[in-house]
Amino acid sequence: MNKLLVISGPTATGKTQLAFKLAKLLNGELISADSRQVYKGMDIGTGKEFSAEIPTWECDVVRPDEEWSAAHFVKLANKLIPEIQNRQKLPIVVGGTGLYIVNLLNPPETLNIPPNNEFRQKLERLTLSELQGALRHLNEKRFNQMNDSDQRNPRRLIRAIEVVKFRKLHKSRNGKETPYYPCYNVLHVGLTVPIKEIDRRIEERVRQRLQNRVEQEVRRLVKKYGWDSALSFTIGYQEWKPYFDGECSIDEAVKRWTTHEKQYARRQLVWMAKYSPDKLFDSGESNHYQDIEAHVCRWYYGKE
RNA sequence: GCUGGGGUGGCGGAGCGGACAAUCGCACCAGACUGUAAAUCUGGCGCCUCACGGCUACCCAGGUUCGAAUCCUGGCCCCAGCA
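Below is the structure:
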């Protein structure tokens with residue numbers, strides 16, 4: 002039994018509800034592939050949902066001021082998945098962070114090359130052309146491999162430099178940072194909805210979260226962790242800062258939040274178009290659940 | 001009613017005689033992406049054309065000028081202060 006079910010898709014398509022249903026049906030446990038729900042206390046704004054019967058892993062694992070990354074996610078997931086399987090249960094990875102899922106299923110060689118924060122801080126002070134120059138000087142080939150947009154992306158340039166530097170330093174003892182290549186029997190189900198419907202659901206959800214007093218949650222978290230934390234790069238949190246600082250009205254802040262959420266959904270769709278799941282379902286269609294259930298069961302109960 | 005400021009592309013906002021289809025930001029569209037990914041970055045964004053290029057544009061109507069979003073006159077509208 003090495004089966005692994007993956008459910009991905011843009012925000013507001015009903016992934017979590019689907020995962021709960023399937024978990025109940027197939028005796029499963031969830032692993033959240035969500036880069037924001039890992040943060041403790043960021044509950045209302047990230048829309049955490051739990052079920053009394055079904056365990057959900059990789060939620061609430063670090064504080065908003067702690068470090069987290071795709072590599073952390075993958076490492077923990079590769080520990081959890083066999084554990085769940087050993088309990089004779091089905092692990093279900095659900096989430097909208099496409100990179101996490103891709104990295105889990107198909108880890109890049111560089112995944113376990115750690116960041117060098119001190120070095121990064123130094124590089125962050127450089128201009129774009131200085132960064133480009135630095136990478137070309139270290140490894141012209143690597144620079145040329147990058148596409149036009151990445152060559153102008155400071156963050157990507159910094160990581161590339163970091164990787165090259167690391168390899169130069171550790172070329173003798175290669176192997177330690179090679180990622181673990183799992184071989185699970187994976188079914189990857191994608192969930193989508195026409196974009197107009199996603200927009201509608203996002204608007205509704207923002208209203209709902211306001212009613213659930215996100216504002217209080219944000220205020221509390223800012224007090225505890227400050228803006229120098231995940232709060233400043235999370236939709237639904239970052240937008241509150243100008244309002245708290247008296248630079249805009251609450252309506253403007255909420256509008257920006259909604260817009261950012263919609264833009265995010267579009268980016269997720271672009272990502273999904275590139276890394277398409279095995280099978281895509283439209284959760285706006287009335288009988289989608291039956292279709293998904295049938296499809297998943299065929300895989301689950303089928304021969305290995 | 002007087003005085004002063006102003007009307008620019010979906011919005012905010014530069015430009016104040018030529019180099020302006022008009023800096024920039026936002027929104028929007030299309031993408032990229034392999035340890036920050038709800039992040040970060042790229043391209044497009046008046047109309048027609050694959051392109052060279054052409055056409056119509058900076059409230060409206062006139063005028064000055066080789067040339068006007070930019071100057072002048074009149075009109076309409078907005079804002080601030082005074083009445």
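In case it helps, this note's numbering puts the first sequence at residues 2 to 305. Backbone N, C-alpha and C define an ideal beta-carbon position, used for all residues, glycine too.
{"Item": "Cβ-Cβ distance between P198 and I159 below 8 Å", "Value": "Looking at the sequence provided, one finds Glu at residue 198 rather than Pro. Result no, Cβ atoms of E198 and I159 do not sit closer than 8 Å."}
{"Item": "Beta-carbon spacing of E68, I114 below 8 Å", "Value": "no"}
{"Item": "L211 versus F167, P195, Y238, residue with shortest Cα-Cα distance", "Value": "Y238"}
{"Item": "Buried or exposed by the 16-neighbour rule on C-beta atoms within 10 Å, applied to R37", "Value": "buried"}
{"Item": "Nearest neighbour of G15, chosen from C298, Y290, L127 [CA to CA]", "Value": "Y290"}
{"Item": "Residue from K49, A135, E262, F167 with nearest C-alpha to E205", "Value": "E262"}
{"Item": "Integer Cβ distance of I93 from I8, believed to fall under 8 Å", "Value": "7 Å"}
{"Item": "DSSP state of L127 mapped onto helix, strand, coil", "Value": "coil"}
{"Item": "Rounded Cβ spacing between F144 and Y101 (contact assumed at less than 8 Å)", "Value": "In fact, because the Cβ distance is near 27 Å, the residues do not count as touching under 8 Å."}
{"Item": "Through-space distance from K41 to P65, alpha-carbon basis", "Value": "7 Å"}
{"Item": "Rounded separation between V39 and S33 - CA only", "Value": "8 Å"}
{"Item": "Euclidean distance between Cα positions of A72 and H138", "Value": "28 Å"}
{"Item": "Under the three-state DSSP convention, the category W58 falls into", "Value": "strand"}
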